[in-house]
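In this text, residue positions in the sequence shown follow the working numbering: the first is 38, and each later residue adds one.
Below is one structure, written out as structure tokens; comments come after it.
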Amino acid sequence: MADPTQNHWKFFSVLLQKAAQDATAGFPHELSPKARLIFLPLQEGMEVVTLPRDRPLDVSPDAVLERVREVATNRDLRMRTLAIQSAATAAVVRAVDPATSFCGDGRIHGDHVVVPVLEVSPEPYSRCPALELNVIGNISVPRGLADTVMEVVVEEATSELSKPQPGGDIHDCMKLEPGAVIQRAARRLLGRVAVSISAPQLMGQLYNELSTIASLRYESQVNRGSLILAKMGHPSVRRIVTFKERAPLNKPNWARKIVQLALPSASILCDELGLSGIGQVVDYDPTREDLFEVVFVGHHRWHLRHGNTVLLDVHYGQPALPRPRLAKDAFVSTLQHVFGAAGTDTERLWSLASAAVESAHHGALLVVSEKAEDEATRLKRQSTPIEPILGDAQIVEAFSAVDGAILMDPAGKVFAFGVILDGVATDRGTPARGARFNSSFRYVDSADHKVLALVISEDGQVDPIFRCQ
Numbered sequence: 038m039a040d041p042t043q044n045h046w047k048f049f050s051v052l053l054q055k056a057a058q059d060a061t062a063g064f065p066h067e068l069s070p071k072a073r074l075i076f077l078p079l080q081e082g083m084e085v086v087t088l089p090r091d092r093p094l095d096v097s098p099d100a101v102l103e104r105v106r107e108v109a110t111n112r113d114l115r116m117r118t119l120a121i122q123s124a125a126t127a128a129v130v131r132a133v134d135p136a137t138s139f140c141g142d143g144r145i146h147g148d149h150v151v152v153p154v155l156e157v158s159p160e161p162y163s164r165c166p167a168l169e170l171n172v173i174g175n176i177s178v179p180r181g182l183a184d185t186v187m188e189v190v191v192e193e194a195t196s197e198l199s200k201p202q203p204g205g206d207i208h209d210c211m212k213l214e215p216g217a218v219i220q221r222a223a224r225r226l227l228g229r230v231a232v233s234i235s236a237p238q239l240m241g242q243l244y245n246e247l248s249t250i251a252s253l254r255y256e257s258q259v260n261r262g263s264l265i266l267a268k269m270g271h272p273s274v275r276r277i278v279t280f281k282e283r284a285p286l287n288k289p290n291w292a293r294k295i296v297q298l299a300l301p302s303a304s305i306l307c308d309e310l311g312l313s314g315i316g317q318v319v320d321y322d323p324t325r326e327d328l329f330e331v332v333f334v335g336h337h338r339w340h341l342r343h344g345n346t347v348l349l350d351v352h353y354g355q356p357a358l359p360r361p362r363l364a365k366d367a368f369v370s371t372l373q374h375v376f377g378a379a380g381t382d383t384e385r386l387w388s389l390a391s392a393a394v395e396s397a398h399h400g401a402l403l404v405v406s407e408k409a410e411d412e413a414t415r416l417k418r419q420s421t422p423i424e425p426i427l428g429d430a431q432i433v434e435a436f437s438a439v440d441g442a443i444l445m446d447p448a449g450k451v452f453a454f455g456v457i458l459d460g461v462a463t464d465r466g467t468p469a470r471g472a473r474f475n476s477s478f479r480y481v482d483s484a485d486h487k488v489l490a491l492v493i494s495e496d497g498q499v500d501p502i503f504r505c506q
């Protein structure tokens with residue numbers, strides 16, 4: 038009999054939840070996954086039990102009991118088992134919120150069918166990039182990285198349920214390496230792309246082939262090209278150049294050479310047979326979900342995009358959700374909190390910060406100081422002071438190419454670049470972040486005036502650092 042009070046079930050529930058939390062710990066939105074085990078009885082008069090008990094699920098066992106009666110005379114034990122487990126899984130699926138819940142397949146243990154469930158917080162989950170369609174033809178497909186990670190974890194829970202005593206060996210239960218989980222999920226997402234462009238033969242290899250192309254240089258140049266992934270003859274693809282012979286993706290050196298031809302206004306076309314030419318996207322209806330872009334944004338780095346949405350950010354073969362970039366309302370609010378409205382050109386500073394996010398492929402650091410002119414003089418031996426000039430996107434792009442901070446005042450006037458910040462050690466630093474992040478805390482906390490540092494990482498993440506007044 039599957040006794041929910043036995044410790045191994047509690048261990049299993051806890052380890053399932055931990056596996057989901059570990060797999061999503063690096064996400065920019067905190068999904069806070071929770072695990073539940075649903076015990077559906079196979080005999081009349083028994084109750085449905087949920088672990089943990091303080092989170093019961095309103096699910097009826099009637100459909101399961103009816104299926105037990107229906108298959109009672111079937112001599113095929115395997116078919117009886119599958120039918121009962123399927124009925125239990127379906128009953129739980131109907132009872133949970135389909136928008137935020139992920140159910141594994143039920144498995145019979147004694148007098149119960151046990152079904153694993155993972156649930157995520159609705160608001161953070163809704164901010165994770167995802168497609169709309171979850172079925173193409175009659176094939177179930179993933180929508181995004183977040184939901185696919187949950188499905189991978191809950192599938193592992195189903196595998197654990199196939200053991201005689203799930204959770205009985207805490208050293209060998211739900212042993213999932215978070216990076217491996219995310220990679221499995223990313224490969225499935227790229228498999229969905231392959232199905233969408235009518236290239237099922239690429240399902241198991243598209244992720245690896247794109248990562249290999251991203252790792253290659255062409256005559257010492259870093260990859261900055263892009264691909265349009267769409268089936269041959271897609272109505273939203275305008276073809277500019279057609280190759281007489283396609284370059285297959287599984288010939289990475291050839292493919293990398295072709296990608297070098299891409300321009301900001303034109304991409305390499307990739308269909309079910311390989312790289313076929315150069316073209317552009319025109320009048321694409323994103324509800325079709327059958328045209329994608331791969332943008333190579335640096336050495337070993339590429340993005341999967343659909344329309345204006347980045348679905349996946351892959352760096353050195355490790356996939357991740359894209360980090361949220363700078364939000365204007367939050368940026369303006371921070372500026373006004375630090376400096377007040379008088380003398381602060383929020384529009385100019387917003388444009389400079391936006392330019393830094395877009396152009397700083399190796400990260401950047403902007404420092405806005407009410408004493409920028411004095412600081413440029415004080416730090417002249419560890420910076421390059423300039424004649425003061427109102428900043429613009431070109432200046433930010435040029436000055437971000439070298440190490441050190443760009444120093445400006447609240448009106449957006451630039452006084453120095455390549456500034457090496459000073460300051461004393463502070464408790465607000467962390468060894469988990471790099472030199473820009475930690476030196477900004479030291480400088481801000483040591484300053485005797487109002488100052489705001491904007492730390493921009495390689496992936497476009499922006500950390501505003503200031504001292505609370």
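Don't be surprised by glycine CBs; every beta carbon is placed ideally from N, CA and C.
Note that the coordinates shown come from a computational prediction; the quantities given were computed from them, not determined experimentally.
Bridge-paired residues (DSSP) for L402: V492
Return helix, strand or coil for M445, following the three-state DSSP convention. strand
Q54 classed as buried or exposed, judged by whether at least 16 other C-beta atoms fall within 10 angstroms: buried
Let's test the definition: count the other Cβ atoms within 10 Å of the Cβ of Q122 and tell me whether it reaches 16, buried, or not, exposed. buried
Measure the alpha-carbon distance for G147 versus T87 and round it to whole angstroms. 16 Å
Rounded to whole angstroms, how far is the Cβ of K268 from the Cβ of S302, which I believe are closer than 8 Å? Actually they do not touch by this definition, with Cβ atoms about 22 Å apart.
Given this structure, state the Cα-to-Cα distance separating A120 from S248, to the nearest angstrom. 42 Å
Provide the residue span of the beta strand (DSSP E) that contains H149, from first to last. H149 to E156
Using three-state DSSP, classify T185 as helix, strand or coil. helix
Does the beta-carbon of P203 have 16 or more other beta-carbons within 10 angstroms, so that it is buried, or is it exposed? buried
So for D350, helix, strand or coil by DSSP? strand
Taking the C-alpha atoms as reference points, what is the distance between A484 and G460? 8 Å
Beta-carbon spacing of V190, L168 below 9 Å: no
Nearest candidate by alpha-carbon position, reference L358, set A136, L328 and P161: P161
Please list, in chain order, all residues of the same chain as D446 whose beta carbon is under 6 Å from its beta carbon, the five residues on each side excluded. A409
P153 beta carbon less than 9 Å from that of A136: no
Where the alpha helix (DSSP H) through Q317 begins and ends: Per DSSP, Q317 belongs to no alpha helix (DSSP H); it is in the beta strand (DSSP E), G311 to V318.
Can you tell me the Cβ-Cβ gap for A157 and M187, rounded? I've got them flagged as a contact below 8 Å. Here residue 157 turns out to be Val, not Ala, going by the sequence shown. Contact flag correct, Cβ pair sits at about 7 Å.
Straight-line Cα distance separating G377 from S370: 9 Å
Give, in chain order, every unbroken run of the beta strand (DSSP E) that is at least 3 residues long and sits entirely within the region 104 to 146. 138 to 140 and 144 to 146
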